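For reference, the structure is listed below as structure tokens.
There are 2 protein chains.
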Amino acid sequence: MVQQGIATLVVVGVGLIGGSFALSLKRAGLVGHVIGVGRTRDNLLRALELGVVDEISQDLAAVAPRADVVLLASPVGQMGRLMQSMAGKLPAHAIVTDAGSTKSDVAALFRQFLPDHLPRCVPAHPIAGSELSGAAAAQYGLYEKRKVVLTPLPETEEDACEGIAALWRACGAVIHRMSPAEHDAVFATVSHLPHLLAFAYVGMVAGKDDAQRCFDFAATGFRDFTRIAGGHPEMWRDISLANREALLVELERFRQQLDTITQQVRDSNEAGLADSFDKARAARVAWHQKFLREGQT
Amino acid sequence: MVQQGIATLVVVGVGLIGGSFALSLKRAGLVGHVIGVGRTRDNLLRALELGVVDEISQDLAAVAPRADVVLLASPVGQMGRLMQSMAGKLPAHAIVTDAGSTKSDVAALFRQFLPDHLPRCVPAHPIAGSELSGAAAAQYGLYEKRKVVLTPLPETEEDACEGIAALWRACGAVIHRMSPAEHDAVFATVSHLPHLLAFAYVGMVAGKDDAQRCFDFAATGFRDFTRIAGGHPEMWRDISLANREALLVELERFRQQLDTITQQVRDSNEAGLADSFDKARAARVAWHQKFLREGQT
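The listed protein sequences derive, respectively, from chains P and Y.
For the first sequence, position 215 matches number 1108 in our numbering, and the numbering has no gaps at all.
For the second sequence, position 28 matches number 921 in our numbering, and the numbering has no gaps at all.
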């Protein structure tokens, strides 16, 4: 099916993630017609104007019967309701996928709200975040060399999974597969925990009596370290709670490491501190070299 | 003195910080002759080749009698020895300044090793770091719009302090003054603590059984959050121990904030988490807007 392209794509949530997916597939000639669905009429009109979508709707249930593929690119908090509205309305062949940052919860939602459609459900996570949002943020090339993790359910049919993989590959992405639980453990470590640490750190500074003077002398190290504390508070609240179990494990692990380093400072343990910093630096340098080699920036 | 420029500048440590200072003063026409002093002959030769310095020496004691201004741009761990080697050899008018990231310890070293020269000693901290090092990293414009904090001793003469301020202003920098203790408290908050957190975080990830898979999925948020974990391990060990007291206070403060957020995750406290993240985000956004308005990037 996908090799010849898909006739109708429904994108729910026409912002950076959903809009860029639609634009990239259009450029690749892999989609005939894109229906943009959302809550904000102004944003939908903007998406239409910009050619990100060909048709707009605020009623997912009404357009679901025409879908070949549905991408849920909405906050995870809205997904249950969205899935529910499609139940019994999707063509049997239609594939439903998503772009949420957590996967165990999305898998559970599919199971709860689309129990008869599970063979065509493909939970997925494109690794391409940004503070940008709205239809105007949609861009060709966003997914070039980015990773997309597919976390199929036991029920998911291989051709549905491969169909979604082919669409993402057409956007320039590199496909990985793992289970929802594996996904959530990995992203608790490399994404969710650092967001919490950045929020905690900036919150701590902001709460100091001399916060203003501290901020006055913050420079480029602070800028980069805290960039992710500019993320959307509600989105990160939802992610933190959706991935609560894995995140608590990582928080405890981090606390132990911080306790170790704090004790090394307290003891003026020169060799211990140099060793802690040295191991971290070596790992970071090796990671960054690999990241650049993969063409990521 | 400085208004007419200085005849001879001695720069100890000809890397990014010291080299860029020399280059910027040369371009401003404020220095007649620059002597570069260092431990590594290859780096000194490179500095000479690149026109960063006009003369090189590996013997600070031998060139100190010719200095009008000495900039110690070496790791803080070497400064005591360097000061000692200049004792009794400096002209009475010569001003000695430094570029160390901590100031209470440098103030104490001045007091210990140059007790008869304190009126001409000006501890200072240019806020311009980078992972780059060596003479080849020296650049015009590094200090453009950057902040330089001067932390004069009670004994420091105003004309010495103003002389160093004028040189940094000629490099494009903005001058601030505070006490060494105030400086160290502020930088424990905005620089030293985030470095420790970044080192602790990367160290924690690197120590996991599934570290390689985690690193494979780390993206731009991870990249920025961990950039400062690429810093020099020995330099950060020295800074952490030089500013041990202030840093321990900040570590404890951070741990309390992290405990609060961890408890909010544990309790699935939606309102609490959203509030924690919201306050941090608002502070970060306001800080970044101000940072950009000041022309910093």
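Glycine residues also receive a C-beta, built at the ideal position from the N, C-alpha and C atoms.
Computed from a predicted structure; not experimentally measured.
Quick one: what does DSSP say residue i is sitting in, helix, strand or coil?
i: Ile908(Y); result: The question names Ile, yet the displayed sequence has Gly at residue 908(Y). Note: Gly908(Y) maps to coil in three-state DSSP.
i: Val895(Y); result: Only weak support exists for where Val895(Y) lies, its pLDDT of 49 falling under 50; the value from the coordinates is given anyway. The answer is helix: DSSP assigns Val895(Y) an H, G or I state.
i: Thr1113(P); result: helix
i: Leu923(Y); result: coil
i: Ser859(P); result: One cannot answer for residue 859(P) here, as it falls past the ends of chain P, which runs 894 to 1190.
i: Ile1020(P); result: coil
i: Glu864(Y); result: Given a span of 894 to 1190 for chain Y in the structure shown, any question on residue 864(Y) remains unanswerable.
i: Cys1107(Y); result: helix
i: Leu1035(P); result: coil
i: Val903(P); result: strand
i: His1069(Y); result: strand
i: Cys1014(P); result: strand
i: Gly981(Y); result: coil
i: Thr933(Y); result: coil
i: Leu965(Y); result: strand
i: Ser1161(P); result: coil
i: Thr990(Y); result: strand
i: Gln1189(P); result: coil
i: Val945(P); result: coil
i: Lys1101(Y); result: coil
i: Lys996(P); result: coil
i: Leu885(P); result: Not covered by the structure: residue 885(P). The range shown for chain P is 894 to 1190.
Could you give the C-beta distance for residue i and residue j, rounded to a whole number, given that I count them as a contact under 8 Å?
i: Ala1091(Y); j: Ile1132(Y); result: Ala1091(Y) to Ile1132(Y), Cβ: 13 Å. No contact.
i: Leu938(P); j: Ala1031(P); result: Not quite, the Cβ-Cβ distance comes to about 14 Å (not below 8 Å), so this is no contact.
i: Ala992(P); j: Ala1017(P); result: 6 Å
i: Ala1058(Y); j: Leu1043(Y); result: 6 Å
i: Gln951(Y); j: Gly931(Y); result: 7 Å
i: Val1225(P); j: Ala1074(P); result: No answer is possible for residue 1225(P): the residues shown for chain P start at 894 and end at 1190.
i: Arg1106(Y); j: Val1178(P); result: That pair is no contact at about 19 Å.
i: Val999(Y); j: Met972(Y); result: 6 Å
I want to verify the contact list: residues of chain P whose CB lies under 8 Å from the CB of residue i, in sequence order.
i: Glu1163(Y); result: Arg1130 and Leu1134
i: Val1098(Y); result: Thr1082, Val1083 and Ala1176
i: Leu937(Y); result: Going along chain P, no residue has its Cβ under 8 Å from Leu937(Y), so there is no contact; the nearest lies around 26 Å.
i: Gly1123(Y); result: Arg1174, Arg1177, Val1178 and His1181
Out of the options, which one is the CA nearest neighbour of residue i?
i: Asn1162(Y); options: Ala1173(P), Val930(P) and Arg1130(P); result: Arg1130(P)
i: Ser1072(P); options: Glu1051(P), Asp1109(P), Cys1054(P) and Leu1046(P); result: Leu1046(P)
i: Gly929(P); options: Pro1019(P), Leu1140(P), Tyr1094(P) and Leu943(P); result: Leu943(P)
i: Ala960(P); options: Arg1186(P), Gly925(P), Ser994(P) and Gly931(P); result: Gly925(P)
i: Glu1048(Y); options: Ala1078(Y), Val1041(Y), Gly981(Y) and Ala1001(Y); result: Ala1001(Y)
i: Asn1136(P); options: His1076(P), Glu1055(P), Ala921(P) and Ser1169(P); result: His1076(P)
i: Ser994(Y); options: Val969(Y), Asp1009(Y) and His1010(Y); result: Val969(Y)
i: Pro1019(P); options: Leu1011(P), His1069(P) and Val989(P); result: His1069(P)
i: Pro984(P); options: Ala1078(P), Leu1007(P) and Gly1096(P); result: Leu1007(P)
i: Glu1127(Y); options: Leu953(P), Phe1170(P), Ala1074(P) and Leu975(P); result: Phe1170(P)
i: Ser967(P); options: Lys919(P), Asp947(P) and Val903(P); result: Val903(P)
i: His986(P); options: Met972(P), Leu965(P), Ala957(P) and Phe1003(P); result: Ala957(P)
i: Leu1089(Y); options: Gly1065(Y), Asp1103(Y), Lys1101(Y) and Phe1118(Y); result: Phe1118(Y)
i: Val945(Y); options: Gly973(Y), Gln971(Y), Gly911(Y) and Met972(Y); result: Gly911(Y)
i: Lys1172(Y); options: Lys1172(P), Gly1100(P), Leu1144(P) and Val1158(P); result: Gly1100(P)
i: Asn936(P); options: Ala1179(P), Asp947(P), Leu1151(P) and Val907(P); result: Val907(P)
i: Cys1064(Y); options: Phe1147(Y), Phe1184(Y), Tyr1036(Y) and Leu1185(Y); result: Tyr1036(Y)
i: Gly1165(Y); options: Gln1105(Y), Ala915(Y) and Leu1151(Y); result: Leu1151(Y)
i: Tyr1094(P); options: Phe1108(Y), Leu1134(Y), Pro1012(Y) and Thr1082(Y); result: Thr1082(Y)
i: Ala955(Y); options: Ala1053(Y), Gly922(Y) and Met979(Y); result: Met979(Y)
i: Val1158(Y); options: His1085(P), Lys919(P), Phe914(P) and Val1015(P); result: His1085(P)
i: Ser917(Y); options: Arg1013(Y), Lys1038(Y) and Val989(Y); result: Lys1038(Y)
For a contact meaning CB atoms closer than 7 Å, what does residue i contact in chain Y?
i: Val1095(P); result: Ala1173, Ala1176 and Arg1177
i: Pro1126(P); result: Ala1167, Phe1170, Asp1171 and Arg1174
i: Arg1159(P); result: Leu1141
i: Ile1065(P); result: In the sequence under discussion, the amino acid at residue 1065(P) is Gly, which differs from the Ile named in the question. What Gly1065(P) touches in chain Y: nothing, since even the nearest Cβ is about 15 Å away.
Anything in chain P within Cβ reach of residue i, meaning under 9 Å, just list it in chain order.
i: Gln1032(Y); result: The contacting residues do not exist; Gln1032(Y) stays about 15 Å from chain P at best.
i: Arg1148(Y); result: Arg1148, Leu1151, Asp1152 and Thr1155
Interface residues of chain P around residue i at Cβ under 7 Å?
i: Arg1120(Y); result: Asp1117
i: Ile1020(Y); result: Phe1110 and Ala1112
i: Leu902(Y); result: None at all; the shortest Cβ gap to chain P is about 25 Å.
Check the Cβ of residue i against every Cβ in chain Y and list those closer than 8 Å, keeping chain order.
i: Arg1225(P); result: The structure shown does not extend to residue 1225(P), since chain P is modelled only from 894 to 1190, so the question has no answer here.
i: Arg1106(P); result: Val1079
For residue i, go through chain C and note every residue whose CB falls closer than 7 Å to its CB, in chain order.
i: Arg1137(P); result: Absence of chain C from the displayed structure is noted, the protein chains being P and Y.
Contacting positions in the segment 1072-1096 of chain Y - beta carbon closer than 9 Å to chain P: Residues of the segment 1072-1096 of chain Y with a C-beta less than 9 Å from any C-beta of chain P: Glu1075, His1076, Ala1078, Val1079, Phe1080, Thr1082, Val1083, Ser1084, Leu1086, Pro1087, His1088, Leu1089, Leu1090, Ala1091, Phe1092, Ala1093, Tyr1094, Val1095 and Gly1096, listed in chain order.
Contact residues within the segment 904-926 of chain Y, judged by C-beta distance below 9 Å to chain P: If the cut-off is 9 Å between Cβ atoms, the segment 904-926 of chain Y has nothing near chain P.
Selection of the segment 939-963 of chain Y by Cβ proximity to chain P, strictly under 7 Å: Flagged: no residues at all.
Can you pull out the residues from the segment 1033-1062 of chain P whose beta carbon lies closer than 9 Å to at least one beta carbon of chain Y? Answer in chain order: Arg1039, Lys1040 and Val1042.
Which residues, taken in chain order from the segment 961-983 of chain Y, show a beta carbon closer than 7 Å to some beta carbon of chain P? Cβ contacts with chain P come from no residue of the segment 961-983 of chain Y.
Please list, in chain order, the residues of the segment 983-1014 of chain P that have any C-beta partner in chain Y closer than 7 Å. The residues in question: there are none.
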